[in-house]
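Read through the structure below, which is laid out as structure tokens, and then see the notes.
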Amino acid sequence: MKLKPGDVIFRQGEVGDTAYLIEKGQVEVFHFKMPDDDSHIAVLGEGEIFGEMALIDSSVRSASTRAKTDCELLVIKKDQLLERLDASDSVVQMMMRLLMRRLVQRTQQVSGLPQPPVENHLHDKHAIDSIRLESQIFEAFENNEFEIYQQPIIDLVTHRIAGSEALLRWVSPTMGVIAPGKFIDVLEASSMIVPIGYWIFEECFRQDKKLREQDLKYDGAISINVSVRQLLSAGFVSHLKTLVNKHSVDPANFKIEVTERILMEGGVVIDVLTDCRTMGFQISLDDFGTGFSSLQYLSKMPLDYIKIDRSFVMNVLKDTKVKAVVRSILFLAQQLNLKVIAEGIETDLEAAEMRKLGSELAQGYLYSRPLEFSNYLKFVASVAQKVAA
Ligand code: C2E
Ligand code: CA
Ligand code: CA
1223 MKLKPGDVIF RQGEVGDTAY LIEKGQVEVF HFKMPDDDSH IAVLGEGEIF
1273 GEMALIDSSV RSASTRAKTD CELLVIKKDQ LLERLDASDS VVQMMMRLLM
1323 RRLVQRTQQV SGLPQPPVEN HLHDKHAIDS IRLESQIFEA FENNEFEIYQ
1373 QPIIDLVTHR IAGSEALLRW VSPTMGVIAP GKFIDVLEAS SMIVPIGYWI
1423 FEECFRQDKK LREQDLKYDG AISINVSVRQ LLSAGFVSHL KTLVNKHSVD
1473 PANFKIEVTE RILMEGGVVI DVLTDCRTMG FQISLDDFGT GFSSLQYLSK
1523 MPLDYIKIDR SFVMNVLKDT KVKAVVRSIL FLAQQLNLKV IAEGIETDLE
1573 AAEMRKLGSE LAQGYLYSRP LEFSNYLKFV ASVAQKVAA
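Counting in our numbering, the sequence shown runs from 1223 upward without gaps.
Written out as structure tokens, the structure reads:
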């Protein structure tokens, strides 16, 4: 949040649920007595936090605050703390320490005891970084800085496009294109993943319509990554139904892609996925073989596809044991009537080997990196031309 000198942050008497960390500039704390006559209490500088009592009880503000100079503030919302109520979270620990220190200071002020030196600067860099990133992500979402890229999935037998995987990108005006590795963990740990997750569905629905409007002979399916938190959020299935109706799309044109980790949540996941499949969505299990699969669940899960993780694909030519594992995954898939997508194919040799072992579908840099949607449309058109020729 950026402010100019004189901008008011909050007024005495207002109810608040946010605290602020000063990243740049100075903030004045003051009491309104009469119009035009305000009594100045303190000037706060970089690294100091204010308004934090509101995080405890959403109480009314006991003073007003305004920017004294050009300022940059980090907003810390009560919800952000409540979501992390696990006391081992470094953000919660930092806020608890801060609040305890403030309470001690206030008690000493009231009792007239000598006050300890004010130690306002925060050293908990990790905690602050995580709150800052979360706020930046939220702001980026509000400013429409997220985009859905598509990475093609190729049919190894017909060489046609079988579909694509939707991959989230943060296109920041200042930092450029940011891949999810930098922010997906923070996003998935926060309840923001739910609204952003629905936005991802809607964006994929719009892109699917555009792909079908043009004469590209496109009949692929878009894979959409769904996090555990979103899948298990209240009303997921019914909200998805609403969105399908709103955009009048055919759910069969989409795959819900979940990772093996989701199996640790137990039977409730199976119920939700079964409902999605009944609606018409296909289901794909991502990162297969990376550790969490229980073969017992695998046979119970409503599945159409499994994705063989890149860690297998990249070693299939180098390591005969890996090759044996891949062969048995493909055998298992065949027995369970599942199609297999080989992920992270980078060379012709890897593609040939995976095809020889029985994988029908492939995705990887060999065919294309994830593409901005307008470029993906061009890619689909060029493949359609090649196949027709
Ligand atoms: P993932 O679902 O396993 O996605 C595949 C990742 O592998 C993508 O990274 C893709 O760009 C990368 N990749 C594809 N082909 C190759 C290749 O040939 N070589 C190499 N080295 N990498 C390849 P990306 O886009 O950075 O996404 C990383 C992860 O972030 C994804 O892993 C997924 O877990 C998560 N993610 C991405 N988009 C979303 C989303 O919309 N929602 C959710 N919940 N998670 C997402
Ligand atoms: Ca995926
Ligand atoms: Ca994967």
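Glycine residues also receive a C-beta, built at the ideal position from the N, C-alpha and C atoms.
The Cβ neighbour count for Ala1546, taken over all protein chains shown within 10 Å, is under 16; the residue is labelled exposed. In the assembly as shown, Met1523 is a buried residue. Its beta-carbon has 16 or more other beta-carbons within 10 Å. In the three-state reduction of the DSSP assignment, Asn1365 falls in the coil class, being assigned neither a helical nor a strand state.
Excluding residues up to 5 positions away in sequence, Val1466, Met1501, Gly1502 and Phe1503 lie with their Cβ nearer than 7 Å to the Cβ of Pro1473 in the same chain.
Cβ-Cβ distances below 6 Å link Gln1429 to Phe1595 in the same chain, with the five nearest sequence neighbours on each side left out; the list follows chain order. Going by C-alpha positions, Ser1386 is about 15 Å away from Leu1507.
Here the alpha carbon of Tyr1242 sits roughly 21 Å from the alpha carbon of Ala1411. An exposed status is given to Pro1395, since fewer than 16 other beta-carbon atoms sit within 10 Å of its beta-carbon. A distance below 7 Å between beta-carbons, with the five flanking residues on each side excluded, links His1262 to the following residues of its chain, in chain order: Glu1250 and Phe1252.
Contact residues of ligand 2 (beta-carbon closer than 7 Å to any heavy atom; chain order) are Glu1387, Ser1445, Asn1447, Glu1479, Asp1508 and Lys1529. Looking at the backbone, the Cα of Arg1577 and that of Ser1413 are separated by about 40 Å. In the structure shown, the three-state DSSP call for His1262 is strand.
In terms of Cα proximity to Glu1274, the closest of Thr1291, Glu1268, Glu1424 and Leu1303 is Leu1303. Distances from the alpha-carbon of Ile1530 to those of Gly1247, Lys1540, Thr1542 and Ser1550 put Ser1550 closest. Counting along the chain, Leu1409 sits inside the alpha helix (DSSP H) bounded by residues Ile1406 to Ala1411. The C-beta distance from Val1448 to Val1480 rounds to 6 Å, short enough to meet the 8 Å contact threshold. The secondary-structure analysis by DSSP pairs Trp1392 across a beta bridge with Phe1368 and Ile1400. In this structure, DSSP gives Pro1374 an extended state, which the three-state scheme calls strand. With at least 16 other beta carbons inside 10 angstroms of its own, Leu1295 counts as buried. Gln1585 has its Cβ nearer than 8 Å to a heavy atom of ligand 1.
The alpha carbon of Gly1228 has as its nearest neighbour, out of Ile1484, Gly1247 and Trp1392, the alpha carbon of Gly1247.
Checking the DSSP bridge columns, you'll see Asp1508 partnered with Thr1481. The three-state reading of DSSP puts Ile1418 in helix, counting H, G and I together. Here Thr1380 is exposed: its Cβ has fewer than 16 other Cβ atoms, across all protein chains shown, within 10 Å. Under the three-state reduction of DSSP output, His1469 falls in the helix class.
Lys1529 has Ile1563 as its beta-bridge partners, per DSSP. Distance from the C-beta of Leu1389 to the nearest heavy atom of ligand 1 is below 8 Å. In this structure, the C-beta of Glu1410 approaches ligand 1 to less than 8 Å from one of its heavy atoms. Counting the other Cβ atoms within 10 Å of the Cβ of Ser1352 gives 16 or more, which makes it buried. Classified as exposed, Asp1541 has fewer than 16 neighbouring CB atoms from the shown chains inside 10 Å of its CB.
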